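J.: In terms of mature numbering (1 follows the signal peptide of the UniProt record, and there is no 0), the sequence shown is residues -22 to -1, 1 to 177.
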Amino acid sequence: MKVIKFIASILVAALFVNVAVAGTPSKVSKKATLSVDTKASKIHWLAKKVAGQHEGTIGITSGSLIADGTKVSGGSFVIDMKSIVCTDITNAEYNQKFIGHITTGDFFEVEKFPTSTFKITKVAGSNITGDLTLKGITKSITFPAKIAVVGGKVTATASIPVDRTDFGVKYNSKKFFDTIGDKAIDDVFTLDVTLVAGK
């Protein structure tokens, strides 16, 4: 009788273990390349100047992340420079004028350079290093990121500071025009990136 009870207790324990495992979100069990969901992914940009700041969004056209278990080891994504939107200027005419200016040669020259890219070259702990290509110029940048791998889906978020002068964008920069006064625009702008990728 004791033997039967012992066997029954083992079976019940095994059942609970199986249920617990089945209820746990699966991770990427082996190295896999996951496609970036361009609708769920987003980029918010913020640029500051002496007299204030502007912000908005910009689209991601494609990309992928390489996941292995709970870690991301590589990947890349493409930014649609023609999709730049400013969300803080409510006057339609001024908004259009602003976007028209930042997409010209003074800034990002989107007709000549319609896309920008970022490619991961190294992952060390929570720090991501990669090559950012903007206006045809490639620079290596490093920044911290938060990465979650759950249920075969990867979500990566990061706030990426970018020095525009590294990519030839010198308009109203104190680095090049030291007498510009209150018309100066900060050299560094921020890209808050959220990437969602899955099979």
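Ideal Cβ placement from N, Cα and C applies to all residues, glycine included.
Values in this document were obtained by computation on a predicted structure and should not be read as measured data.
For E89, name the three-state secondary structure that DSSP assigns.
T.: Coil, per DSSP.
J.: For G129, is the classification buried or exposed, using 16 other Cβ atoms within 10 angstroms of its Cβ as the cut-off for buried?
T.: With fewer than 16 other Cβ atoms within 10 Å, it is exposed.
J.: Using alpha carbons as the reference points, say which of K9, I38, L24 and W23 lies closest to K17.
T.: Comparing Cα-Cα distances from K17 to each of K9, I38, L24 and W23, the minimum goes to I38.
J.: With which residues is K117 paired in a DSSP beta bridge?
T.: According to DSSP, K117 bridges with L110.
J.: For F91, which residues from the same chain have a beta carbon less than 8 angstroms from its beta carbon, with the 5 sequence-adjacent residues on both sides left out?
T.: Only M59, L112, K113 and G114 meet the Cβ criterion.
J.: Whose C-alpha, out of D165, D109, D84 and G108, is nearest the C-alpha of R142?
T.: Looking at the Cα atoms, D165 is the closest of the given residues.
J.: What span of residues does the alpha helix (DSSP H) with F76 cover, start to end?
T.: Taken as a continuous stretch (DSSP letters only), the alpha helix (DSSP H) holding F76 covers A70 to I80.
J.: Which value, in whole angstroms, describes the spacing of the CA atoms of D101 and L43?
T.: Sequence check: residue 101 is Val here, not Asp. In a straight line, the C-alpha of V101 is about 12 angstroms away from that of L43.
J.: Based on DSSP bridge pairs, tell me the residues matched to V171.
T.: I21 and A136, per the DSSP bridge assignment.
J.: Quick one: measure Cβ to Cβ for L169 and V140, integer angstroms, because I've assumed they're closer than 8 angstroms.
T.: Contact holds; Cβ gap of about 6 angstroms.
J.: Given a threshold of 16 other Cβ atoms within 10 Å of its Cβ, counted over all protein chains shown, does K153 qualify as buried or as exposed?
T.: The residue in question, K153, is exposed, as its Cβ has fewer than 16 Cβ neighbours within 10 Å.
J.: Tell me which same chain residues have a C-beta within less than 8 angstroms of the C-beta of V132, skipping the five on either side of it?
T.: Once the five neighbours on either side are set aside, the close Cβ partners of V132 are V6, L12, L43, A45, V50, I125, A126, L173, V174, A175 and G176.
J.: Could you give the distance in angstroms between the alpha-carbon of T116 and the alpha-carbon of G34?
T.: Going from the Cα of T116 to the Cα of G34 covers about 23 angstroms.
J.: Identify whether F155 lies in helix, strand or coil by the three-state DSSP scheme.
T.: F155: coil per DSSP, three-state reduction.
J.: Helix, strand or coil for N143, going by three-state DSSP, please let me know.
T.: Position check: residue 143 holds Thr in this sequence, whereas Asn was assumed. Helix at T143.
J.: Output needed for I(-13): all residues of its chain with C-beta closer than 8 angstroms, excluding positions within five of it in sequence on either side, in chain order.
T.: Only weak support is given to the placement of I(-13): the predicted model assigns it a pLDDT of 36, under 50, and the question is left unresolved by the model.
J.: Could one say the Cβ of G41 lies closer than 9 angstroms to chain D's Cβ atoms, at least one of them?
T.: Reference to chain D is not applicable here, since this structure consists of a single protein chain.
J.: Just verifying my parser: in three-state terms, what is the DSSP assignment at T2?
T.: Because T2 carries a pLDDT of 41, less than 50, the predicted location of this residue cannot be relied on, and no value is offered for it.
J.: Within the same chain, show all residues whose beta-carbon is closer than 8 angstroms to that of I67, passing over the 5 residues directly before and after it, in chain order.
T.: Closer than 8 angstroms at the Cβ level, and outside the excluded window around I67, lie H32, N73 and F76.
J.: Quick one: is F155 buried, meaning 16 or more other Cβ sit within 10 Å of its Cβ, or exposed?
T.: Result: exposed.
J.: Run through the DSSP bridge pairs and tell me what S54 is partnered with.
T.: Per DSSP, S42 and K97.
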